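Below is one structure, written out as structure tokens; comments come after it.
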Amino acid sequence: LLVRVTGYNAFFTQIGRELQEEIIARTEHRL
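Our numbering runs 45 ahead of the 1-based position in the sequence shown.
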């Protein structure tokens, strides 16, 4: 899964756990 993080794209599995959880929380908030 490719995600956009602060202006750059990164594979979800390659970013840190803390950032993964922040992205999940942000996504849940939008739903």
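Note that the Cβ used here is the ideal one computed from N, Cα and C, for glycine as well. This one's a predicted model, so the numbers in the text were calculated from it and none came from an experiment.
Asked, Found
"DSSP three-state label for residue 64, please.", "helix"
"Do you know offhand how far residue 55's Cα is from residue 62's?", "13 Å"
"Taking the beta strand (DSSP E) that residue 56 falls in, what are its first and last residues?", "53 to 56"
"Check the DSSP bridge columns for residue 47 and list the partner residues they point to.", "56"
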